[in-house]
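Protein chains in written order, with this note's numbering: chain A, 1 to 331; chain B, 332 to 662; chain C, 663 to 993; chain D, 994 to 1324.
Protein chains: 4
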Amino acid sequence: VVKRIGIIGTGIMGADHARLLTDAVSGACVGGVFDPDAERAGGVAARSGGARVFADPYALIGDDGIDAVLIASSDATHEEYVLACVAAGKPVLCEKPLAPTTEGCARILEAEAAHGSRLVTVGFMRRFDPGYTDLKAVLDGGEVGIPLMIHHVHRNPAAVPGIPGSALITNSAVHELDITRWLFGEEITEVAVHTPRPSGRAGGTRDPQLLILTTESGVLADVEIFVNARYGYEVRCELVAEEGTVTLDAPPPTSLRRGGLHARELPADWRPRFAEAYRLELQDWIDGTGRGATAWDGFAATYVAQACVAALESGERHVVGMPSIPRLYRG
Amino acid sequence: VVKRIGIIGTGIMGADHARLLTDAVSGACVGGVFDPDAERAGGVAARSGGARVFADPYALIGDDGIDAVLIASSDATHEEYVLACVAAGKPVLCEKPLAPTTEGCARILEAEAAHGSRLVTVGFMRRFDPGYTDLKAVLDGGEVGIPLMIHHVHRNPAAVPGIPGSALITNSAVHELDITRWLFGEEITEVAVHTPRPSGRAGGTRDPQLLILTTESGVLADVEIFVNARYGYEVRCELVAEEGTVTLDAPPPTSLRRGGLHARELPADWRPRFAEAYRLELQDWIDGTGRGATAWDGFAATYVAQACVAALESGERHVVGMPSIPRLYRG
Amino acid sequence: VVKRIGIIGTGIMGADHARLLTDAVSGACVGGVFDPDAERAGGVAARSGGARVFADPYALIGDDGIDAVLIASSDATHEEYVLACVAAGKPVLCEKPLAPTTEGCARILEAEAAHGSRLVTVGFMRRFDPGYTDLKAVLDGGEVGIPLMIHHVHRNPAAVPGIPGSALITNSAVHELDITRWLFGEEITEVAVHTPRPSGRAGGTRDPQLLILTTESGVLADVEIFVNARYGYEVRCELVAEEGTVTLDAPPPTSLRRGGLHARELPADWRPRFAEAYRLELQDWIDGTGRGATAWDGFAATYVAQACVAALESGERHVVGMPSIPRLYRG
Amino acid sequence: VVKRIGIIGTGIMGADHARLLTDAVSGACVGGVFDPDAERAGGVAARSGGARVFADPYALIGDDGIDAVLIASSDATHEEYVLACVAAGKPVLCEKPLAPTTEGCARILEAEAAHGSRLVTVGFMRRFDPGYTDLKAVLDGGEVGIPLMIHHVHRNPAAVPGIPGSALITNSAVHELDITRWLFGEEITEVAVHTPRPSGRAGGTRDPQLLILTTESGVLADVEIFVNARYGYEVRCELVAEEGTVTLDAPPPTSLRRGGLHARELPADWRPRFAEAYRLELQDWIDGTGRGATAWDGFAATYVAQACVAALESGERHVVGMPSIPRLYRG
Ligand SMILES: [Mg+2]
Ligand SMILES: [Mg+2]
Ligand SMILES: [Mg+2]
Ligand SMILES: [Mg+2]
């Protein structure tokens, strides 16, 4: 009983997912692929045990030989493909963001509500990272007591010069927004954004930024997002609780002594850092155990991100004002 | 040519300074001590090579056998003793704060201006900590480029329950206020304070807090101050610059593997962490090389701390509005 | 094309392998299981998607519904099962040791030579550990120059009191013997064993021990093996080369600050430490890419272990005198 | 009561000691200096508060204005100067080695015995290093139980090419010989030396080496000594005991993230690593508290070093056969 997955979008992420489904996940194969670039789709299909290449994404979604769909296409297309999957009654794993706007996300919530059961998973892969699951296990096990603060650091070596400051929030810090909700099991209620002078390397982008988030129970989370950090890719956090703290820094297994330094190597981008998270996310999705982010989580992440963008622009604290969670996602 | 130091206040800090001056600093001895508790003063004098015990602090300040004065008495008394030293024309090292109010600090600035040369050093010992001086050397050496942010963490295991939240700023975070000014060589211009729900261990104190500071050139500094952190004493920071970051965490020289853990021990309070800083601070003061914090630095630290207290109380961003630096402290 | 694996031995290791093959490896399922304890076999079969339970291991090996065999039975039975697999022309993954004696291993080499191609893989899983493969990649990439020494540490929290000292070598240090051969791609030519006074926790066993190994090209490897180390399970090494060193210590992703310590947790046994290695070993075996240890590697590990046991007993350096590698395993 | 120290030998070490005695030690000054290079002596004297320059080392030793003598001259001259100090009844701190030969050391023991009390301290400064004293405190406090093994690593970036292999033992590893004796409070009874192929950077020297030492109670110590390690200077050890281990690695207070690495800087030579040890050693010597290495310790270090040199040359284990400790050094 091998699930046949259809992949929409065979860029870096889609190709990576195809490889994992083919080589490293139990109970799955790539049944079909679609990409606007048919040659690229063909290459991925060939490396995926001879999957079918579809000329039309909706044909793929509707095909009887496709059991479930993975969406790794451009952000703007996520909504329509997810809605088509829901309409077809097929499970779908959609890369973040679920949709770039809260309105788009809301339409998906409505469609899923109309369908009557959950079909949508959002690719917030960090929820499967062994570091983050360790962190949550320590917190939930009561080893450090009641949480009070968390400090996040999220750095990329370089970004396209001059992108809008909002992109740091919606593309990058959105992972911390999701993780903060997931870790504490509650909503973010208030946000603020502080910015230093921008890095001269950022081409005018307001980079870095410091987001300040408050949760329902009063946990304070700060997020340094810095997409032109130059030295490498790094994601870290320290959870501060009443009896102690937990730090996630995920050091690599080896260190070098060379040239006057004792050093550990940092990855150049997020893929080596979260390779295991992606594998576990896919295995969990194939197993149908449902630990991934729901459509509601996708909506909430976009909703809070929009509040942060507003706070960035106004320089003021913003109350998030999250709508209440629909019945389908409770409990 | 051994300098004879008079010590006012022989509590924990004063006794520690007496020991260092006697046992570990070149060119100094304890010439006299005063404490309201004469027995305590006598004990320190006995352990300091037979220093004289004074019954009156002003007599000590004025005595011909005393070359310079170290003030380690209660905060409220600092101003009057410092003013007496300036009046007597004697160098004085005053534990922080220079005075609890900006008005008190300003009176010392005026006295020193009237005297016409610098006599006052404020005991911001972190400026002599090998970790902080390393950090500054890396920054000043251009190894990581232009600074953008700094994240500070400052934790004590326990504080008196129910102290006012302002005390976290004026007693503890004031060290980070000073270090931030010293590190970047510029003033703090704007402050804000965010707070999570308070720790249940704090007896009602708003603890922890997150201070957000902006400097003249636009560096953004955040300071977690947490005085009931339970697990131990810890001071850390990470400086984020355009080409890289520098972290100060000062690990102890040894680690233990025992009971399922690979661990480094954390100190129970600030004294072991900053023992070397205190020694170097005293040696520098005795040598007269003048690298310690000036009366202006003491004034500025208190001034910014007051702005932070106002920001804590209002929940708003506050512009600091620092007066301009007097001629005596320029260059 | 899913490979149907027959598992002989469903103790801790066999059950773990069954779980991985079922849940976490692509292209494999458990086709059948055998264990002298039929109830235990039945439980594993039930958790493995309804695999068949065999009453006879040779029937399992010979069954047309079994494509390949995994042997996780008691050490003494390895040889006969491996020989049966070779006779049946089926690929076999045998947990270490290939056989407890060099004679037993030699009979397998002969059988495989008679068969004419390689069928046997030995479960030296560390070759697939991301830490060890990192280490080898750094070495092979020339980043630290020509290797000169390696220091290994291998500790278990507790062993059965009073086991013979030779068991530390044949059961535990044999992993380092294999890794040393694999890392440098050459044989161990000379061995010596030094021992301190034994731990009072070892019930008379000569524990710990320090093995000293020399390779063909003159690399010196030392191995601390300590099976009653109490504090936890730990495997580390530092490779010393002409231009630098590489350390493998594989820290967990999170650390705790609590109770006066900043600590990382150590595992209680080898399974969490090498969980990823086991998964990758099985995936590689299923993929048939042949990076696992061969029967020759299994023979060589046992051969060098026997030389170490002789060195332990005599207190003298021993020349290993490894036979030359058979044609089947060259190149 | 400032002790006036006469310094014989004003090379790097002597000049460093002069600076510490002048600037960083309480209760001492440099009273006189001698060096065969009178100009060099004059420079050090000038930087030492106007100390006298002596033209004759024996005149310095005998001078009434010199209370104690520090010997930092070439190794071959140590014996005669120490004997002159003993004859003059003056305390003397002699850089290691006490004398290059056991016979030379023995003559000093005889002289001191004839004098009837201890005057000689040997400059094994590591006994004062905060890392080593931490390590010993943990061991003596029973936190890890009875010691079984210790692994030492001692690396220098470069040495003069082609020096004899014995020099690695007598110049460098002698520090580990002393520390091992000091840490466990017992003698080394048996030694062996293993060597890999030498580094191509060593110009023919047998470098690195692995010394294996056994103490009276059966602790096994191994010492990697590598004087052309290229990457930096480093001294580390891990003490292995029945209930846990203690590692001394003395990380610097700051780390850098830059260029794809998270790194701590390693010193280029031993002086920054042991700067604090030298200061504390001198302060202890000035205080006369007698925690430094005695003439017997100096003799024993040379004695064991000679046994290691014999073991290096023979390739065999050597019994040390240490003479029994003279009455003067007991208890
Ligand atoms: Mg993602
Ligand atoms: Mg202070
Ligand atoms: Mg194994
Ligand atoms: Mg020395």
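C-beta: ideal position from N, C-alpha, C; glycine also.
Leu-499/B sits close to Ile-556/B, with the two beta carbons spaced by under 8 Å. Just measuring C-alpha positions, the residue of Ser-48/A, Ala-55/A, Val-235/A and Arg-118/A sitting nearest Val-86/A is Arg-118/A. Nearest neighbour of Gln-1202/D by Cα position, chosen from Glu-1103/D, His-1255/D, Leu-1213/D and Pro-1189/D, turns out to be Pro-1189/D. Residues of the same chain with a CB within less than 8 Å of the CB of Leu-312/A, apart from the 5 flanking positions on each side, are Gly-165, Ser-166, Ile-169, Val-193, Thr-195, Arg-206 and Gln-209 in chain order. Proximity of the stretch 94 to 112 of chain A to the stretch 264 to 280 of chain A falls short of the contact definition, fewer than three beta-carbon pairs being nearer than 8 Å. At least 8 Å separates the CB of Ser-497/B from every CB of chain D. Under the Cβ criterion of 8 Å, Ser-1248/D is counted among the residues facing chain B. Flagged as an interface residue toward chain A: Arg-561/B, by a C-beta distance shorter than 8 Å.
The C-beta of Asp-222/A comes closer than 8 Å to at least one C-beta of chain B. For Pro-478/B, the enclosing beta strand (DSSP E) covers residues 478 to 486. Per DSSP, Asp-1215/D is one residue of the beta strand (DSSP E) stretching across 1213 to 1219.
The beta carbon of Arg-595/B falls within 8 Å of a beta carbon belonging to chain C, placing the residue at that interface. In this structure, the alpha-carbon of Thr-289/A lies about 26 Å from that of Pro-914/C.
Look at Ala-293/A here: in three-state DSSP terms it is strand. Between Ala-293/A and Arg-127/A, the beta carbon gap of about 6 Å places them in contact (Cβ cut-off 8 Å). Counted as a single uninterrupted DSSP element, the stretch harbouring Val-332/B is not any alpha helix (DSSP H), since DSSP gives it neither H nor E. Residue-level contact check: Gly-847/C does not touch chain D, since none of the beta carbons of chain D fall below 8 Å from its beta carbon. Taking 7 Å as the cut-off between beta carbons, the residues of the stretch 603 to 621 of chain B near chain D are Gln-614, in sequence order. Nearest Cα to Leu-211/A within the set Ala-24/A, Gly-321/A, Leu-21/A and Glu-190/A: Glu-190/A.
When 9 Å is used as the limit between beta carbons, Gly-862/C is near these residues of chain D: Gly-1138, Ile-1139 and Glu-1235, in chain order. 8 Å or more divides the Cβ of Arg-371/B from the Cβ of Val-484/B. Cβ contact annotation for Arg-1045/D (same chain, cutoff 6 Å, sequence separation greater than five): Gly-1025, in chain order. Within chain B, the C-beta atoms nearer than 7 Å to that of Arg-920/C come from Tyr-562, in chain order. Ala-490/B sits close to Val-558/B, with the two beta carbons spaced by under 8 Å. A Cβ-Cβ distance of about 6 Å is found for the pair Ile-667/C and Ala-730/C, placing them in contact under the 8 Å criterion. Look at Thr-1095/D here: in three-state DSSP terms it is helix. Comparing C-alpha distances from Pro-97/A to each of Met-322/A, Asp-75/A, Asp-129/A and Ala-18/A shows the shortest one belongs to Asp-75/A.
Relative to Glu-805/C, the option among Thr-215/A, Pro-326/A and Glu-265/A whose CA is nearest is Glu-265/A.
If you compare the alpha carbons of Glu-647/B, Ala-636/B, Ile-477/B and His-482/B with that of Gly-200/A, the shortest gap goes to Ile-477/B.
For Ser-48/A, the nearest beta carbon of chain C is not closer than 8 Å to its own beta carbon. If you check the CB distance, Ala-1011/D and Val-1023/D come in under 8 Å.
By the criterion of at least three beta-carbon pairs nearer than 8 Å, the stretch 561 to 579 of chain B is in contact with the stretch 239 to 252 of chain A. Residues of chain D whose Cβ lies closer than 7 Å to the Cβ of Asp-354/B are, in chain order, Ser-1019. By the CB criterion at 8 Å, Asp-222/A and His-151/A fall inside the cutoff. Residues of the stretch 1111 to 1130 of chain D that bring their beta carbon within less than 7 Å of a beta carbon in chain B comprise Pro-1123, Gly-1124, Asp-1127 and Leu-1128, in sequence order.
Burial check for Pro-388/B: the Cβ neighbour count within 10 Å reaches 16 or more, so the residue is buried.
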